[in-house]
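Residue numbers (this note's numbering): 28 to 400.
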Ligand SMILES: Cc1ncc(COP(=O)(O)O)c(C=O)c1O
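Spelled out as structure tokens, the structure:
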């Protein structure tokens, strides 16, 4: 059948028997009344640590909470300054505000779309922050991760890495999560490892930080009715843990399929005023999204053609953080070279999800090529 429509993301393309196996185990979970905590959560945390290479993984309610837990676990306090990229998802900014600290937005590099070491150094020297959140977007990672980690350490800046989009991404041949002081992720359904609702996790190799994170996301509990900290309820659910445990069996195949889709676009969309961008040589990306860059003046026309062809698309993200109307009351400062703003107008994300088919990819490619013909 001829393809006439391609969604931006399809969340219902599961492996054979995935759904049946999951539902069978849900039934058992209900029979055993394992609603909060229990073996599914323990198995998930063990699997997450193994898969990411970090020593400790602590499940929590979502990726935004994971950042808040990480900020608190490393000791960020009220009124302190935290650097965040000007190009990220709003949750990174929000998390800083929600722990009572002040964000300073720092521009990204126009080519890599991530922080580079020079701008990071300028920001540290200018704002003397307590912490910084290095966000690895698009399933890529900052090419300067090593240099940024080193500069942060030398200057006593606590570096948190927001890996919401990069579960499975490697940097210099190693899991980006495993080598961070503290990393966070989101299992929002659209992520490469997605739950069927909200969930997240914090990763670290530091036992004390891991323990604080665990206490914070469980009402500051040191025992069932003893509370050593004021935390909140950010526990991961058993049902979501079960779903993620099943999903982890297939994570390698899912990433491979996503990466093949991006490679297909790269091979078939050539010689156009649109370029499929990839991460730097130091990074093995996870295929989270297909990122095309196009002259801003040409983007609306292409979007129109995609819409006419019933092809879903994204613009991740359509505005810099410092320009959000909610930012003004909290923004302590910014470094703005106009790059985040440029990227927000130039980026166009093509359909990319696990098990997208070749006819679907061919339909997208044909539509884009015909638009420019
Ligand atoms: C970069 C980034 N940070 C944080 C989050 C927040 O995760 P969640 O939606 O699970 O709270 C997301 C997810 O959308 C994200 O993409």
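For every residue, glycine included, the Cβ atom is placed at its ideal position computed from N, Cα and C.
Here the structure is a predicted model, which means the values were calculated and not measured.
For residue i, which three-state DSSP category applies?
| i | result |
| --- | --- |
| residue 225 | coil |
| residue 188 | strand |
| residue 201 | strand |
| residue 62 | coil |
| residue 45 | helix |
| residue 112 | strand |
| residue 307 | coil |
| residue 337 | coil |
| residue 162 | strand |
| residue 272 | helix |
| residue 218 | coil |
| residue 180 | helix |
| residue 33 | strand |
| residue 296 | coil |
Do you know how far the Cα of residue j is from the Cα of residue i?
| i | j | result |
| --- | --- | --- |
| residue 262 | residue 61 | 14 Å |
| residue 184 | residue 76 | 25 Å |
| residue 28 | residue 383 | 15 Å |
| residue 140 | residue 164 | 8 Å |
| residue 156 | residue 51 | 50 Å |
| residue 105 | residue 319 | 39 Å |
| residue 390 | residue 397 | 10 Å |
| residue 112 | residue 158 | 12 Å |
| residue 74 | residue 375 | 34 Å |
| residue 42 | residue 380 | 13 Å |
| residue 3 | residue 198 | The requested residue 3 is not part of the displayed model; the chain covers only 28 to 400. |
| residue 186 | residue 173 | 12 Å |
| residue 254 | residue 240 | 14 Å |
| residue 103 | residue 370 | 30 Å |
| residue 385 | residue 260 | 43 Å |
| residue 267 | residue 118 | 21 Å |
| residue 358 | residue 349 | 7 Å |
| residue 265 | residue 107 | 35 Å |
| residue 270 | residue 196 | 21 Å |
| residue 346 | residue 360 | 17 Å |
Per DSSP, which residues does residue i bridge with? Please list them.
| i | result |
| --- | --- |
| residue 253 | 250 |
| residue 87 | 227 |
| residue 39 | Partner(s): none; residue 39 has no beta bridge. |
| residue 209 | 187 and 231 |
| residue 195 | Residue 195 is not bridged to any residue. |
| residue 301 | 321 |
| residue 264 | 63 |
Consider the Cβ of residue i: report whether some Cβ of chain B lies at a distance smaller than 8 Å.
| i | result |
| --- | --- |
| residue 290 | Given the protein chain composition of this structure (a single chain), no chain B is represented. |
- Message: Measuring CB atoms only, is the segment 203-213 touching the segment 225-232, in the sense that at least three cross pairs come out at less than 8 Å?
- Response: yes
> Does the segment 186-205 come within contact of the segment 80-98, defined as at least 3 CB pairs closer than 8 Å?
Replying inline: yes
Are the segment 90-106 and the segment 287-296 in contact at 8 Å, needing three or more beta carbon pairs? no
The segment 268-280 contacting the segment 242-257, beta-carbon criterion three pairs below 8 Å = no
Complete beta strand (DSSP E) runs within the segment 109-160 (minimum length 3 residues, chain order): 129-133
For the segment 308-395, list the beta strand (DSSP E) runs that are entirely contained and at least 3 residues long, ordered along the chain. 317-321, 360-362 and 374-377
Practice task
Would you check if there are 3 or more beta carbon pairs closer than 8 Å linking the segment 117-136 to the segment 340-360?
Solution key: yes
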